[in-house]
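Encoded as structure tokens, the structure appears first; notes follow it.
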Amino acid sequence: STWAESFPDHCQWFERDSARASRTLLGHLCEGNTQAMRVFLKLIPKPLARHMDNPMPVPIQTNFTRLNKDDRNNIAKVFWNVIERKEMKRVNMHAVFTQVDEEHRLPHLVWNDKTKENLLTIIHEEINEYKKSLSYRDDLTWDYESFEVEYNSLKQYLRVGNFFLSLLIPVLMDSSSKYDLQQDVIGPLLVSLFQRCVVEDDKIWKVSCLRAMYAL
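If you're matching positions, the sequence shown starts at 1 in the working numbering and goes up one per residue.
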């Protein structure tokens, strides 16, 4: 077949390997860079970010047979050698983004198409705002300290501590549930639930706090 006929296959390969390369390089950027890591942890929910400590897999094997000589040389210079550096494998972005690509609906984590869309919108708005500021002063640096991500799609949930009560209560009431709630979390959660119950004006949410306390 001609190259044109196989073009879709080449696009799929390029998209797949580009994503892998981007995630690997992001890991290298965050490795040992406190500022970069702090920004990244602002973007990704903690339950997803914790996967960066997972053991790194075997280095990615790129299909060089589909590349011409120049492309192979360029990849060897700027990408392959970086991946092979053993000391840079502690930040496992591949594991993080494997979880980011999926959807999660757990008492401590809600991650779906809406939250992903929220995040992308916030990032694009922040970039555009920074570019606009640079048009007035080209010596400005990004104020990442004040940058925050607020997921509007999660406002429908009552969240106490690190838990969404509408998802937590059913697993607490289900004796066959395999959800693992650590013992050292229960005490602080009870305190947070009591405090929220005292100040909560929404009757339904107040009852939810009481139900969660009873279930605990």
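Glycine residues also receive a C-beta, built at the ideal position from the N, C-alpha and C atoms.
Treat the numbers as computed from the prediction; the structure is a model and nothing was measured.
Sub-7 Å separation of residue i and residue j beta-carbons
| i | j | result |
| --- | --- | --- |
| ALA215 | ILE169 | yes |
| LEU167 | PRO107 | yes |
| VAL171 | SER177 | yes |
| ASN92 | GLU103 | no |
Neighbour-count burial assignment, residue i, 16 or more Cβ in a 10 Å radius
| i | result |
| --- | --- |
| GLY240 | For residue 240 there is no data in the structure shown, the boundaries of the chain being 1 and 216. |
| LEU158 | buried |
| PRO45 | buried |
| SER175 | exposed |
| CYS209 | buried |
| VAL207 | exposed |
| LEU165 | buried |
| VAL199 | exposed |
8 Å CB neighbourhood of residue i in its chain, flanking five on each side removed
| i | result |
| --- | --- |
| MET88 | Bear in mind that the predicted position of MET88 carries a pLDDT of just 45, short of 50, making it unreliable; the figure below should be weighed with that in mind. Around MET88: GLY27, HIS28, GLU31 and VAL82. |
| MET213 | LEU190, LEU193, PHE194 and CYS197 |
| ILE123 | LEU43 |
| LEU109 | PRO45, PRO47 and LEU48 |
| ALA36 | LEU29 and CYS30 |
| SER133 | LEU140 |
Supposed close pair residue i, residue j - CB separation, criterion 8 Å
| i | j | result |
| --- | --- | --- |
| GLN99 | LEU48 | 5 Å |
| PHE147 | GLU117 | No, PHE147 and GLU117 are not in contact; Cβ-Cβ is about 18 Å, not under 8 Å. |
| VAL149 | LEU25 | Going by Cβ atoms, the distance from VAL149 to LEU25 rounds to 22 Å, so no, they are not a contact pair. |
| TYR151 | THR121 | Between THR121 and TYR151 the Cβ distance is about 10 Å, and since that is not below 8 Å, they are no contact. |
| VAL39 | TYR144 | 5 Å |
Cβ-based neighbour list, residue i, same chain, cut-off 6 Å, excluding 5 preceding and 5 following
| i | result |
| --- | --- |
| HIS51 | ALA95, VAL96 and GLN99 |
| ARG211 | ILE169 |
| TRP142 | TYR130 |
| ASN54 | ASN92 and ALA95 |
Contact with chain B by residue i, beta-carbon distance below 7 Å
| i | result |
| --- | --- |
| GLN99 | This model lacks chain B altogether; it includes just one protein chain. |
Contacts around residue i, its chain only, beta-carbon distance under 7 Å, and the 5 residues preceding and following it disregarded
| i | result |
| --- | --- |
| ASN162 | HIS108 |
**Message:** At 4 residues or longer, what runs of the alpha helix (DSSP H) sit wholly inside the stretch 105-148?
**Reply:** 113-134
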